[in-house]
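Chains as they are written, first to last, in the numbering used here: chain A, 8 to 174; chain B, 8 to 174. Don't be surprised by glycine CBs; every beta carbon is placed ideally from N, CA and C. Predicted model, so just to flag it, every value in this text is computed and none were measured.
There are 2 protein chains.
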Amino acid sequence: MSFILKRCSIREFKDIAIEPEKITALLQAAMQAPSAKNQQPWEFIVIDDKSILLELSKTSAGSWPLKTATCAIIPMIMPSELSPHFRVQDLSAATENILLEATNQGLGSVWIGIYPLEDRLSHVENTLRICGDAHPFSIIALGYPLKEKAVLTRFDAKRVHYNKWGE
Amino acid sequence: MSFILKRCSIREFKDIAIEPEKITALLQAAMQAPSAKNQQPWEFIVIDDKSILLELSKTSAGSWPLKTATCAIIPMIMPSELSPHFRVQDLSAATENILLEATNQGLGSVWIGIYPLEDRLSHVENTLRICGDAHPFSIIALGYPLKEKAVLTRFDAKRVHYNKWGE
Numbered sequence: 008m009s010f011i012l013k014r015c016s017i018r019e020f021k022d023i024a025i026e027p028e029k030i031t032a033l034l035q036a037a038m039q040a041p042s043a044k045n046q047q048p049w050e051f052i053v054i055d056d057k058s059i060l061l062e063l064s065k066t067s068a069g070s071w072p073l074k075t076a077t078c079a080i081i082p083m084i085m086p087s088e089l090s091p092h093f094r095v096q097d098l099s100a101a102t103e104n105i106l107l108e109a110t111n112q113g114l115g116s117v118w119i120g121i122y123p124l125e126d127r128l129s130h131v132e133n134t135l136r137i138c139g140d141a142h143p144f145s146i147i148a149l150g151y152p153l154k155e156k157a158v159l160t161r162f163d164a165k166r167v168h169y170n171k172w173g174e
Numbered sequence: 008m009s010f011i012l013k014r015c016s017i018r019e020f021k022d023i024a025i026e027p028e029k030i031t032a033l034l035q036a037a038m039q040a041p042s043a044k045n046q047q048p049w050e051f052i053v054i055d056d057k058s059i060l061l062e063l064s065k066t067s068a069g070s071w072p073l074k075t076a077t078c079a080i081i082p083m084i085m086p087s088e089l090s091p092h093f094r095v096q097d098l099s100a101a102t103e104n105i106l107l108e109a110t111n112q113g114l115g116s117v118w119i120g121i122y123p124l125e126d127r128l129s130h131v132e133n134t135l136r137i138c139g140d141a142h143p144f145s146i147i148a149l150g151y152p153l154k155e156k157a158v159l160t161r162f163d164a165k166r167v168h169y170n171k172w173g174e
C-alpha cells in the first residue's frame, strides 16, 4: 500500500526529536510540488522551539496538537504576479507533499488551516513577528506518533462519474 | 527516491489506454486526501471519451495536453457548510494526490487549473452541462508519457527559516 493511502491525521506525539535529515526530506518534498506557471510562491519556517510551539497551539480550536509536536513547519504564501489566483492551490500541494513525506518517513502529522482566516493569521503573525505581504498559510504539526492509528479508507464509488456530470 | 520527488508535469502522451485498475487507484488516492473537518467536499468525473477530451483541450492556453491525453479526471468542488473557506485547499490536496499516485503508477500527468477563473469554468461547465452549486476545480490530463523527462530538483535552502521569519 502506498503511503498516500496510509496518511492520516496524528494529533499526539512522543517526546522524541525528529532527525534533521527527515526535516530536510519534508522540505524537499514541499518544494517539489507543482505550482501554476512554476511560480513557487512559497517559503518555509521550521519551528522546534518548544515555547513557540506552545504559543502557536493557541491559534485555533484545532491547534492543540502543537502542544506535544516536537516540530512544526509553516509554509508561507508569498506574493507572485505570475498566477496569483492559484497561489492557494500551490501552497496546498506543498502542504500535502509534507504530510505524505512525513508518513513515508514514519512521522505523524496534522494540517492546521490558517489562511485566509483573519483571527488565525493575526495570532501566528503576532507570535512570529511577521508583517508585510508574506502570510502563514498553514501549520503542519509533526512528531513521532504517540499511538498507532488504524487507516480508514475513504473511497466512495458513488462520488465517481464517467464522461458526464450527474446520475 | 520517493515518487514525490519524481513527479513532474507531463504534457504529451502515447496512444495507449490506461488500465481501469490504475484509474481506480488514482481515485482512491484522491479521496484519501485530508480535508478540513473531514468534509470531503468532492466528487470526480473521469473522462475517456476522445471527443470530450478534445473539446476540453480548448479550455485555456495550457489545456492542449488534453489533445493527446487518453484520460482526464475532473475533481468537482462541492458545497459544504462544515468549513467552506478551506474547500479549495481540500480539493488541491485531492488533486495533488492524483498526480502523485499517477507517478507511482508509471503514468504522466499535468494539473490544469480551472477554479476560480470564470472563463475556464464556463467552458468546462458548458462542455459537460454542469449547472448548480458544483464546479469543476481542475482538470488532470493523464496518460503514458510520450518521452522520459529528467527530474529537476527545486529545493532551495534560502527559502527555509528557523524559529523566526526573515533573515
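> So, does the CB of residue 35 of chain B fall closer than 8 Å to a CB anywhere in chain A?
Replying inline: One-based indexing of the second sequence puts residue 35 of chain B at position 28. Chain A, which has a Cβ nearer than 8 Å to the Cβ of residue 35 of chain B, makes this yes.
>> Is it the case that the region 63-70 of chain A contacts the region 36-44 of chain A, given that we only count it when at least three CB pairs across the two stretches are under 8 Å?
In response: Contact between the region 36-44 of chain A and the region 63-70 of chain A is absent, because fewer than three Cβ pairs lie under 8 Å.
> Can a CB atom of chain B be found closer than 8 Å to the CB of residue 133 of chain A?
Replying inline: Residue 133 of chain A sits at position 126 when you count from the first residue of the first sequence. No, residue 133 of chain A lies away from the interface with chain B (no Cβ there is under 8 Å from its Cβ).
> Which two residues bound the contiguous beta strand (DSSP E) that contains residue 85 of chain A?
Replying inline: As a working mapping, residue 85 of chain A is identified with position 78 in the first sequence. Where residue 85 of chain A is concerned, there is no enclosing beta strand (DSSP E), given that its DSSP letter is neither H nor E.
> Along chain E, in chain order, which residues have C-beta atoms closer than 7 Å to that of residue 137 of chain A?
Replying inline: Going by chain labels, chain E is absent from the structure shown, which instead holds the protein chains A and B.
>> Going residue by residue through the region 68-119 of chain A, where are the continuous alpha helix (DSSP H) segments of at least 4 residues, counting only ones entirely within it?
In response: Within the region 68-119 of chain A, the alpha helix (DSSP H) runs of at least 4 residues that lie entirely inside it are, in chain order, 94-111.
> Between the C-alpha atoms of residue 65 of chain A and residue 159 of chain B, what's the straight-line distance to the nearest angstrom?
Replying inline: Within the first sequence, numbered from 1, the residue matching residue 65 of chain A stands at position 58. Within the second sequence, numbered from 1, the residue matching residue 159 of chain B stands at position 152. Cα to Cα, the separation comes out at about 39 Å.
>> Less than 6 Å between C-beta atoms, sequence neighbours within five positions excluded: which residues of the same chain meet that for residue 21 of chain A?
In response: As a working mapping, residue 21 of chain A is identified with position 14 in the first sequence. 151 and 153, listed in sequence order.
> Excluding sequence positions up to five away, which residues of its chain have a Cβ less than 6 Å from the Cβ of residue 101 of chain A?
Replying inline: On the first sequence, position 94 is the one that residue 101 of chain A refers to. Hits under 6 Å: 37, 40, 49 and 82.
> Does the beta-carbon distance from residue 59 of chain A to residue 134 of chain A come in below 8 Å?
Replying inline: Counting from one through the first sequence, the residue named residue 59 of chain A turns up at place 52. Counting from one through the first sequence, the residue named residue 134 of chain A turns up at place 127. Going by C-beta atoms, residue 59 of chain A is nearer than 8 Å to residue 134 of chain A.
>> Beta carbons nearer than 7 Å to chain B: which residues of the region 86-114 of chain A have them?
In response: Only 92, 93, 95, 96, 99, 100, 103, 104, 106, 107, 108 and 111 from the region 86-114 of chain A bring a Cβ to less than 7 Å from some Cβ of chain B.
> Using a C-beta to C-beta distance shorter than 8 Å, which residues of chain A count as neighbours of residue 168 of chain B?
Replying inline: Counting from 1 along the second sequence, the entry for residue 168 of chain B is found at position 161. For the C-beta of residue 168 of chain B, the chain A residues within less than 8 Å are, from N- to C-terminus, 50, 51, 52 and 53.
> Whose Cβ in chain B lies nearer than 7 Å to the Cβ of residue 120 of chain A?
Replying inline: The residue you call residue 120 of chain A lines up with position 113 of the first sequence. Scanning chain B for C-beta atoms nearer than 7 Å to the C-beta of residue 120 of chain A yields 43, 93 and 96, reported in chain order.
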